[in-house]
Amino acid sequence: MRRAVLQAGLAHLLPLLEAEELTPAVLASFSDLPAALAELGVSRPDALKLRAAVCAPAELRSLLASHNLTHLLPVLDEEELDLALLASFADLPAALSELGISRTDAQKLRSALDARAAPPPAAAAKACVREEARGGASVSPLDGAAALLGLQAEQMRPRSFKEAEASDEAARGAQMVRARLLHGGASLFEHRGAYVRLALSWPLARRVDALGECADSRCGCYRLHRPEVRQRFCKWVVDAALEGLPGQRRVRYVTVGSGLLLTDFEILCGLVERGVQVESVVAIDKCYERLLEPTDAAADATDEARALRQLAAFFAPAPVHAFGSLAQYKQACAAHPAEYGRATTYIHCDAGDISTADSKAAAALALVEGGAAFKLDNLGGARESDEPAGSPREENRRRAAYLKAQLRDSYGCECWRRRAAQLELVEDSRGTEGAEAKAERQARARRALQMNARSRAAALGLRLFKVVFDGRAVAVRDGPSRESKIVGCRKLDEEVLVAEERGGWVRMSDEDDDYPYAYKAEQEGAEVSNKECWMLIDGAELGLGQLLKEVSLKCEPSATSKADVRCESELFSQTAFLSDR
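Quick note: the sequence shown, position 131, residue 142 per the working numbering, numbers continuous.
Okay, here's the thing in C-alpha cells:
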C-alpha cells in the first residue's frame with residue numbers, strides 16, 4: 012500500500028494511515044470512505060485519490076500506471092467505471108469528456124484498452140491454426156472475450172430458453188392469464204412450496220405454476236401481508252419504463268436476483284398489456300448456477316428451470332437467458348452487447364446479497380441511452396413457526412404478523428436512468444406510498460393489534476400488560492431475577508400476555524405472539540414445556556421507573572376502531588390464509 016499511496020502523491024497521509032492501522036482491506040470496507048476519513052481531517056479530494064489508489068481493481072491500476080494515466084483513477088473510481096464498462100463504450104472519448112477528462116487522455120485510454128484486448132502474435136497464430144483445423148469456422152465474440160479474460164467460454168455463456176411463437180389458442184389463454192393477474196386482486200396468490208405463487212384455484216394458472224417469489228413473512232414486501240408494495244412497484248415500472256425512450260415499443264429486459272420470476276412476470280404482463288413487445292429477457296440469480304452445469308441432468312427438473320421455461324413459453328418467441336452471477340453477466344454483456352445488453356429496462360428486486368454499487372455498474376453496462384433501472388429493497392429474515400397450519404395458536408400468530416407488517420416500512424424504491432456515461436437518480440413519487448396513506452395504514456394496524464391482544468387475553472383468561480418504559484427495551488429473562496439469563500426483549504407500547512404475577516415480576520404466557528422460546532425450539536430443537544419468560548414490572552430501584560403497566564380488558568373500542576378491525580380482518584382473510592393446509 013505504501014507504494015500506491017506515494018505514487019498517488021499522498022505521502023502526507025502515510026503517518027495517519029499507519030497510526031490508525033488503516034490497511035487496504037479496512038479502507039475497502041467503508042461504504043463511504045470520504046465521509047469516514049473526513050472525521051480524521053482528510054479532505055474529500057485526498058480521500059477520493061486514496062480510495063482510487065488503494066481500493067481500485069489491481070488490473071485497472073496496472074493498466075493506467077503503464078500508460079501514465081494514474082491521475083484518472085479518482086474520476087473512474089468515483090463513477091464506478093471498471094475495465095468492462097470502459098471497453099463497452101463505442102465512443103469512449105465522448106463519454107469521458109462528460110466527466111471532465113481531456114480527449115487526449117481518453118484516446119490514450121482507448122488505445123490502452125484496444126492493445127490489452129488484442130491477442131499477442133503467438134496467440135493469434137495459434138488461433139489461425141485452430142480456425143484452419145475447423146475448416147475456416149470463425150471464433151465467436153463470446154469465445155474471444157472469454158480467452159482475453161482467461162476464462163472458458165462456457166463460464167460466460169448463459170443457459171438460454173426459447174420457444175416457438177404461440178398458437179392462436181395459446182395466445183388467447185395468455186391474454187386471459189394477463190388480465191386475471193393484473194386485475195384480479197390479492198386473492199390470486201397463495202403460499203405454496205416455500206414460495207408465494209399464483210393460486211391453483213384457477214386452472215389457467217397451471218401454465219405458470221412454477222413461478223414464485225420470496226415467502227419471508229417478516230419482510231415489508233411479502234405479498235400476502237403487504238400486497239400493495241409489489242403491486243405499486245410493478246405498476247410504477249410499467250408506467251415509467253419507456254418514458255426515456257420515445258416511440259420505443261419493444262422491451263429488452265434484464266432482472267437481477269430474479270429467483271422464480273413471479274414479480275418479473277407481472278411487470279412483463281403489464282408492459283404487454285400496454286402494447287409493448289418483449290424482445291428478450293436476461294435473468295441473473297445465483298440459484299441458476301446449477302443450470303449452467305452441462306453434466307447436471309437433474310437440474311432441468313428444478314423449480315428454477317421450470318420457471319425459466321414457462322416464462323419463455325409465455326412470451327415466445329422472446330429468448331430468456333439465465334446467468335448464475337452478476338460478474339458472469341457483465342463479462343458476457345461487454346463481449347456480446349447485441350445479444351445480452353442494449354436493455355431498455357433493468358430490475359433489481361428482492362436481491363439483498365447484491366450491493367447497490369455492483370447492481371448500478373451492471374445497469375450502466377446493460378442499459379441503452381434513456382433506459383431505466385428500478386430497485387425494490389426487500390428487508391427482513393424468514394422465521395417460520397412449527398405449529399400445525401390452521402391451529403388457533405398459529406392463526407393468532409399469523410394475524411399478529413400480518414398486522415405488524417403494516418407497521419413496518421422495511422422496503423424502498425429507487426429509479427435511475429442512463430444518461431451519457433452514467434446513471435442519474437430519478438425522483439418519482441409513483442414508486443412510493445404517500446405520507447397520509449402510510450400514517451393511516453399504520454394507525455389502523457396499531458389499533459387492530461391492541462384489540463387483538465385484548466380479545467385474546469380475555470378469551471384465554473390471561474392478563475395484559477403494556478411496556479411503558481421509553482428506553483431501549485425491557486429485558487425478558489428466563490427467571491424472576493435480575494441475575495437470570497436474558498432471552499428476549501420488548502419495546503415501548505408492545506403488549507404482553509401474562510399468565511402469572513410474582514414478587515414484582517410477571518411471567519409471560521406461551522400464548523404470546525412473540526414468546527421467545529417458540530422460535531428457539533424450532534431453531535435448536537429445544538423442549539419448551541419447562542421454559543419460562545419473566546419481565547420486571549417496576550425498575551425504580553434501578554433508576555428506570557415503571558417498566559410495565561397492566562391494561563384493562565373491559566374498555567370498549569370506538570366504532571371507528573371496530574370498522575378498522577373489520578377492514579383489516581377482511582384483507583387478512585383474503586391474503587394471509589391463502590396457504591397450504
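For glycine and all other residues, C-beta sits at the position ideal for the given N, C-alpha and C.
Tell me the residue span of the beta strand (DSSP E) that contains residue i.
i: residue 560; result: 559-562
i: residue 477; result: 474-478
i: residue 172; result: 170-172
i: residue 289; result: 288-295
i: residue 497; result: 497-501
i: residue 326; result: Neither: residue 326 is in no beta strand (DSSP E) and is coded neither H nor E.
i: residue 433; result: 433-436
i: residue 488; result: 485-488
i: residue 333; result: 331-334
i: residue 53; result: Neither: residue 53 is in no beta strand (DSSP E) and is coded neither H nor E.
i: residue 265; result: 261-267
Give every residue of the same chain whose Cβ lies closer than 7 angstroms to the Cβ of residue i, excluding the five residues on either side of it in the sequence, and list them in chain order.
i: residue 131; result: In this prediction, residue 131 has a pLDDT of 45, which is less than 50 and means its spatial position is unreliable; what the coordinates show is noted afterwards. If we look at residue 131 and ignore the five residues flanking it on each side, it has no Cβ neighbours.
i: residue 244; result: 387, 424, 442
i: residue 586; result: Legend: pLDDT at residue 586 = 43, less than 50; position of this residue unreliable, value from coordinates given subsequently. Excluding residues within five positions, the ones whose Cβ falls inside 7 angstroms are 197, 235, 236, 238.
i: residue 285; result: 249
i: residue 112; result: 83, 86
i: residue 513; result: 491
i: residue 263; result: 290, 291, 353, 354, 355
Can you tell me whether residue i is buried or exposed? The criterion is at least 16 other CB atoms within 10 Å of its CB, across all chains shown.
i: residue 315; result: buried
i: residue 370; result: buried
i: residue 269; result: buried
i: residue 449; result: exposed
i: residue 26; result: exposed
i: residue 366; result: exposed
i: residue 194; result: exposed
i: residue 321; result: buried
i: residue 296; result: buried
i: residue 214; result: exposed
i: residue 252; result: buried
Look up residue i in the DSSP assignment and give the residues it is bridged to.
i: residue 383; result: 356, 428
i: residue 388; result: 423
i: residue 116; result: Answer is none; residue 116 lacks a bridge partner.
i: residue 206; result: 203
i: residue 347; result: Bridge partners of residue 347: none, in fact.
i: residue 516; result: 513, 547
i: residue 507; result: 476
i: residue 223; result: 272
Using a Cβ-Cβ cut-off of 8 angstroms (strictly less than) and excluding sequence neighbours within five positions of residue i, which residues of its own chain qualify?
i: residue 55; result: 45, 49
i: residue 327; result: 173, 174, 175, 176, 177
i: residue 520; result: 471, 473, 508, 509, 510, 526
i: residue 97; result: 87, 103, 120, 124
i: residue 337; result: 267, 295, 365, 369, 370, 373
Please go through the same chain and pick out, in chain order, the residues whose beta-carbon is closer than 6 angstroms to the beta-carbon of residue i, but skip the five residues on each side of it.
i: residue 28; result: none
i: residue 265; result: 293, 354, 357, 377
i: residue 216; result: 209
i: residue 477; result: 506, 560, 562
i: residue 275; result: 266, 269
i: residue 488; result: 495, 497, 545
Just the C-alpha distance for residue i and residue j, rounded to the nearest angstrom, thanks.
i: residue 498; j: residue 479; result: 20 angstroms
i: residue 24; j: residue 435; result: 33 angstroms
i: residue 75; j: residue 84; result: 8 angstroms
i: residue 122; j: residue 345; result: 17 angstroms
i: residue 454; j: residue 446; result: 12 angstroms
i: residue 457; j: residue 81; result: 57 angstroms
i: residue 148; j: residue 291; result: In this prediction, residue 148 scores a pLDDT of 41, lower than 50, which makes its location untrustworthy; the coordinate-derived value is nonetheless stated afterwards. Between residue 148 and residue 291, the C-alpha separation is close to 27 angstroms.
i: residue 551; j: residue 558; result: 9 angstroms
i: residue 518; j: residue 460; result: 21 angstroms
i: residue 361; j: residue 317; result: 20 angstroms
i: residue 495; j: residue 482; result: 20 angstroms
i: residue 523; j: residue 240; result: 28 angstroms
i: residue 179; j: residue 339; result: 37 angstroms
i: residue 202; j: residue 211; result: 11 angstroms
i: residue 73; j: residue 20; result: 17 angstroms
i: residue 537; j: residue 545; result: With a pLDDT of 46 at residue 537, under the threshold of 50, the predicted position of this residue should be treated as unreliable, and no value is reported.
i: residue 359; j: residue 267; result: 5 angstroms
i: residue 115; j: residue 107; result: 11 angstroms
i: residue 549; j: residue 335; result: 55 angstroms
i: residue 254; j: residue 298; result: 32 angstroms
i: residue 189; j: residue 279; result: 9 angstroms
i: residue 438; j: residue 379; result: 20 angstroms
i: residue 77; j: residue 117; result: 15 angstroms
For the alpha helix (DSSP H) containing residue i, name the first residue and the last one.
i: residue 470; result: 446-471
i: residue 251; result: 238-251
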